[in-house]
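Trainee: This is the structure, below, for whatever I ask next.
In full-length UniProt numbering, the protein residues as written are 1 to 359.
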């Protein structure tokens, strides 16, 4: 008895120029068993086995802002074809903050020489992508931000700080009236949205800045809305692998699971298999060694009740370049909304994707 197997081989959807390392991949695999024999090829390059893994001084409010801040260019955006505006990247000492600055410089944006950070780093000057940036602690932020906005009226703030600072930072940005992109995850989301709705300002909030990942989740959501219950009776196995420093469960996996639940699958979030052990990530998942400290691998495996049909969805990200590029696209999108005096509201990455014209 013969059978055919439909399979799309994993191909990269996103590459970083002048780098050989694939940074984003996605694959869909459908397999069917004939006479009890399973025809199935794992999505990962190596056999993937599900495992049970338990998962200095503060700056005062009266401090005079460096002249370098006041002298930063605030050139107006004369046309969309030559869009250039200043960005303030808060949390610039972190991996994402640094990556966003590098992406911003590559895109021709102006990076303001100021960034909000922790009290322990206040007063430090760090160099990122050839730019010297002074770190300001928790004290005096409102006066600092107000002065920056006065000198740079078309600036956009990009926030990649820490979860505990999300709500306070959003409230500050709203009070001063500066448009911002919030990439930091955590905080009280309901309070965050209430703050923005009450302030009637411009903001783009998204816990996921990877454009292709956002598009994948959106496609899954469309499928769930169009075909509710299509996978009723199927079983679902979800495994996600991230760097060991990530203690919480993947928010992206949770969003995809919500789509599967609409498709008729019964699945509890505590069933998600987390892999944080570097040896398992190397040997079982196939994470490149150079990306053990920063990666996001996900696999969703569905099996029919009689185990004759299986589906597998996978999306892998190595490094953070794709998130940084998406963040800059988000900032450009928001700057255009401000420039065109569009509706003041909370935007998200879905709006960025629907707008098109991304770099």
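We put the beta carbon where it would ideally sit given N, CA and C, even for glycine. Computed from a predicted model, the values in this text were never measured in an experiment.
Grab the span of the alpha helix (DSSP H) containing residue 169 for me, first residue to last.
Mentor: 166–176 is the span of the alpha helix (DSSP H), which, as asked, contains residue 169.
Trainee: Step through the CB atoms of chain C and report whether any lies within less than 8 Å of the CB of residue 169.
Mentor: The displayed structure is made up of one protein chain only, and chain C is not part of it.
Trainee: For residue 187, I'd like the list of residues in its chain whose CB is within less than 6 Å of its CB, leaving aside the five on either flank, ordered along the chain.
Mentor: Only 163, 166, 167 meet the Cβ criterion.
Trainee: Three-state secondary structure (DSSP) at residue 202?
Mentor: Reduced to three states, the DSSP call for residue 202 is coil.
Trainee: Within the continuous alpha helix (DSSP H) that includes residue 188, where are the two ends?
Mentor: Here residue 188 belongs to no alpha helix (DSSP H), and DSSP marks it neither H nor E.
Trainee: For residue 196, does the three-state DSSP call read helix, strand or coil?
Mentor: Helix at residue 196.
Trainee: Is residue 139 helix, strand or coil when you go by DSSP?
Mentor: Three-state DSSP puts residue 139 in coil, outside helix and strand.
Trainee: Comparing C-alpha positions only, which one of 233, 229, 298, 288 sits nearest to residue 254?
Mentor: Of 233, 229, 298, 288, the residue nearest in Cα terms is 298.
Trainee: How many whole angstroms separate the CB atoms of residue 87 and residue 156, which I take to be in contact at a CB cut-off of 8 Å?
Mentor: Yes, they are in contact, since the Cβ atoms of residue 87 and residue 156 sit about 5 Å apart, within 8 Å.
Trainee: Within the UniProt domain "Dihydrodipicolinate reductase C-terminal" (213–353), note down every full beta strand (DSSP E) run reaching 3 residues or more, in order along the chain.
Mentor: Counting only runs of 3 or more, we get 235–242, 273–275, 295–303, 309–318.
Trainee: How about residue 113 and residue 98: are their beta carbons less than 8 Å apart?
Mentor: Cβ atoms of residue 113 and residue 98: not closer than 8 Å.
Trainee: When you compare each of 174, 304, 249, 332 to residue 185 by their alpha carbons, which one comes out closest?
Mentor: Among 174, 304, 249, 332, the Cα nearest to that of residue 185 belongs to 249.
Trainee: Grab me the residues of residue 228's own chain with a C-beta within less than 8 Å of its C-beta, minus the 5 sequence neighbours each way, in chain order.
Mentor: Counting only Cβ-Cβ distances below 8 Å, and skipping sequence neighbours, we find 262, 263, 264.
Trainee: Could you tell me the alpha carbon to alpha carbon distance between residue 282 and residue 246, rounded to whole angstroms?
Mentor: In a straight line, the C-alpha of residue 282 is about 17 Å away from that of residue 246.
Trainee: Would you call the segment 187–203 in contact with the segment 276–293, where contact means no fewer than 3 C-beta pairs closer than 8 Å?
Mentor: Flag = no, the segment 187–203 and the segment 276–293 do not touch.
Trainee: Only counting the same chain, and skipping five residues up and downstream in sequence, which positions put a Cβ closer than 8 Å to that of residue 350?
Mentor: The answer, listed in chain order, is 214, 218.
Trainee: Using alpha carbons as the reference points, say which of 177, 277, 207 lies closest to residue 338.
Mentor: That would be 177, whose Cα lies nearest to the Cα of residue 338.
Trainee: Distance, Cα to Cα, residue 327 vs residue 90?
Mentor: Using only the alpha carbons, I get a separation of about 13 Å.
Trainee: Taking C-alpha atoms, which residue in 280, 275, 303, 288 lies nearest to residue 267?
Mentor: Minimum Cα distance to residue 267 is reached at 303.
Trainee: Alpha carbons only, please: which of 199, 305, 314 is nearest the one belonging to residue 344?
Mentor: Closest option to residue 344, Cα to Cα, is 199.
Trainee: Would you call the CB atoms of residue 119 and residue 137 closer than 8 Å?
Mentor: Result yes, Cβ atoms of residue 119 and residue 137 sit closer than 8 Å.
Trainee: Sorted by chain position, which residues of the same chain lie with C-beta nearer than 8 Å to residue 149's C-beta, five sequence neighbours on each side aside?
Mentor: Taken in chain order, the residues that qualify are 155, 176, 177, 178.
Trainee: Going by DSSP, what residues sit across from residue 359 in a beta bridge?
Mentor: BP columns for residue 359 are empty, so no partner.
Trainee: Please classify residue 210: is it buried, with 16 or more other beta-carbons within 10 angstroms of its beta-carbon, or exposed?
Mentor: Classification for residue 210: buried.
Trainee: With DSSP as the reference, please indicate the residues paired to residue 111 in a beta bridge.
Mentor: DSSP lists 87 as partners of residue 111.
Trainee: Could you give the distance in angstroms between the alpha-carbon of residue 330 and the alpha-carbon of residue 308?
Mentor: Going from the Cα of residue 330 to the Cα of residue 308 covers about 43 Å.
Trainee: Could you compute how far the alpha carbon of residue 256 sits from the alpha carbon of residue 220?
Mentor: The alpha-carbon atoms of residue 256 and residue 220 are separated by roughly 7 Å.
Trainee: Report back the beta-carbon spacing between residue 216 and residue 161 to the nearest angstrom; my notes put them in contact at under 8 Å.
Mentor: Going by Cβ atoms, the distance from residue 216 to residue 161 rounds to 27 Å, so no, they are not a contact pair.
Trainee: Report back the beta-carbon spacing between residue 240 and residue 272 to the nearest angstrom; my notes put them in contact at under 8 Å.
Mentor: Their Cβ separation, rounded to whole angstroms, is 6 Å, which keeps residue 240 and residue 272 in contact under 8 Å.
Trainee: At which residues does the beta strand (DSSP E) containing residue 126 begin and terminate?
Mentor: Start and end: 125–128.
Trainee: So the beta strand (DSSP E) residue 162 belongs to, where does it begin and stop?
Mentor: Per DSSP, residue 162 belongs to no beta strand (DSSP E) and is neither H nor E.
Trainee: Spatial neighbours of residue 323 within its chain, please: CB distance less than 6 Å, with the 5 preceding and 5 following residues excluded, ordered by chain position.
Mentor: Same-chain partners within the cutoff: 209, 210.
Trainee: Can you tell me the Cβ-Cβ gap for residue 158 and residue 183, rounded? I've got them flagged as a contact below 8 Å.
Mentor: 7 Å between Cβ atoms; contact.
Trainee: With distances taken Cα to Cα, identify the nearest neighbour of residue 314 among 301, 306, 321.
Mentor: It is 301.
Trainee: Ordered along the chain, which non-local residues of its own chain (more than five positions away) have a Cβ less than 8 Å from that of residue 171?
Mentor: So the qualifying residues of the chain are 195.
Trainee: Tell me whether the beta-carbon of residue 336 lies closer than 8 Å to the beta-carbon of residue 109.
Mentor: Contact flag unset, no.
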